[in-house]
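Student: Order-wise, the sequence lines are chains A and B. For the first sequence, the numbering used here gives the first residue as 1, with consecutive numbering after it. For the second sequence, the numbering used here gives the first residue as 114, with consecutive numbering after it. Backbone N, C-alpha and C fix where the C-beta goes; we use that ideal spot for every residue, glycine too. Since the structure is predicted, the reported quantities are computational estimates derived from the model, not experimental observations.
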Amino acid sequence: GAGVSQSPSNKVTEKGKDVELRCDPISGHTALYWYRQSLGQGLEFLIYFQGNSAPDKSGLPSDRFSAERTGGSVSTLTIQRTQQEDSAVYLCASSASVQETQYFGPGTRLLVL
Amino acid sequence: TQLLEQSPQFLSIQEGENLTVYCNSSSVFSSLQWYRQEPGEGPVLLVTVVTGGEVKKLKRLTFQFGDARKDSSLHITAAQPGDTGLYLCAGAINQGGKLIFGQGTELSVKP
Chain A
1 GAGVSQSPSN
11 KVTEKGKDVE
21 LRCDPISGHT
31 ALYWYRQSLG
41 QGLEFLIYFQ
51 GNSAPDKSGL
61 PSDRFSAERT
71 GGSVSTLTIQ
81 RTQQEDSAVY
91 LCASSASVQE
101 TQYFGPGTRL
111 LVL
Chain B
114 TQLLEQSPQF
124 LSIQEGENLT
134 VYCNSSSVFS
144 SLQWYRQEPG
154 EGPVLLVTVV
164 TGGEVKKLKR
174 LTFQFGDARK
184 DSSLHITAAQ
194 PGDTGLYLCA
204 GAINQGGKLI
214 FGQGTELSVK
224 P
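(1) Name the DSSP bridge partner or partners of Ile79/A?
(2) Quick one, which of Ile47/A, Arg22/A, Leu113/A, Ser7/A has its alpha-carbon nearest Arg81/A's?
(3) Are the Cβ atoms of Val134/B and Gln119/B separated by less than 8 Å?
(4) Run the CB neighbour count on Arg70/A, radius 10 Å, all protein chains shown included, and call it buried at 16 or more, exposed below.
(5) Mind listing which residues of the segment 201-217 of chain B have their C-beta closer than 9 Å to chain A's C-betas, in chain order?
(6) Can you name, in chain order, every residue of its own chain whose Cβ lies under 8 Å from the Cβ of Ile206/B, other than the five neighbours on each side?
(7) Can you find a C-beta in chain B that's less than 8 Å from the C-beta of Leu43/A?
(8) Quick one, which residues of the segment 92-103 of chain A are near chain B if we go by CB-CB under 9 Å, in chain order?
(9) Closest to Leu110/A by CA distance: which of Tyr103/A, Gln102/A, Leu21/A, Phe104/A is it?
(10) Gly107/A versus chain B: which residues are under 9 Å apart at the beta carbon?
(11) Using the Cβ count rule (16 or more neighbours within 10 Å means buried), how would you classify Ser27/A?
(12) Between Gly110/B and Ala181/B, which are expected to be in contact by the criterion C-beta below 8 Å, what is the C-beta distance as a whole number of angstroms?
(13) What residue ranges within the segment 168-199 of chain B form continuous alpha helix (DSSP H) runs of no fewer than 4 residues, ordered along the chain?
(14) Kindly indicate which three-state DSSP category Glu85/A falls into: helix, strand or coil?
(15) Which value, in whole angstroms, describes the spacing of the CA atoms of Ser87/A and Ile126/B?
(16) In chain A, what lies closer than 9 Å to Leu158/B by C-beta?
(17) I want to verify the contact list: residues of chain A whose CB lies under 7 Å from the CB of Thr133/B, in sequence order.
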């Protein structure tokens, strides 16, 4: 596709369940980023990938959060044992290479009940 | 810890007025981006500034990067209702591609 796509667009889950969020970057982009946007917190960096490796995962809030990228393309962000404070919009971005312009997807709106 | 303080957080003005949004930090950034975000969508890049003192214009929007590359401003001349939205500044640090975002400015321009 022409832009970054994310799925699902909305996710409602119960506390304690696991969720997987998917990001399809722009074709050919080697760098991929995950951010979280919540009320009162703004946009927070979570993790980025260069190819399939993650040089910086310093923003992951806890060990319940993990992410992987396969084939240098699609990435999934997994949240285990979700908590209500995980409710937020999870945004993915990609760039042609590290430090180049980041293009954002529409986000996944996660609500944990 | 790098922080980017953005102000004001909320701004409600009448059509035709001018406004300025500020982003300030004690950290030096290799570049600074301004994004605009509409409800239900991801941020869309407006401009990137990379050189200290740089000024860029995009129609009625003027972006400036501070000489020391620690601060930036966005000035909108003769605001229109179509300018309504969330404006975000984001600084890039040298290590990797991580962006540090300001808290955002929610702009409402009333006809």
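Tutor: Working from what's here:
(1) Ile79/A is bridged to Val19/A, Phe65/A.
(2) Leu113/A
(3) yes
(4) As written in the sequence, residue 70/A is Thr, which differs from the Arg given in the question. Answer is exposed; the Cβ neighbour count stays below 16.
(5) Leu201, Ala203, Ala205, Asn207, Gln208, Gly209, Gly210, Lys211, Leu212, Ile213, Phe214, Gly215, Gln216, Gly217
(6) Gln115, Ser140, Phe142, Ser143, Ile213
(7) yes
(8) Cys92, Ala93, Ser95, Ser97, Val98, Gln99, Glu100, Thr101, Gln102, Tyr103
(9) Leu21/A
(10) Identification of chain B residues near Gly107/A by a Cβ-Cβ cut-off of 9 Å yields Gly153, Glu154, Gly155, ordered along the chain.
(11) exposed
(12) Outside the shown range of chain B (114 to 224) lies residue 110/B, about which nothing can therefore be said.
(13) none
(14) helix
(15) Cα-Cα distance, rounded: 31 Å.
(16) Residues of chain A passing the Cβ test: Thr101, Gln102, Tyr103, Phe104.
(17) Those do not exist, as Thr133/B stays about 20 Å from chain A at its closest Cβ, beyond 7 Å.
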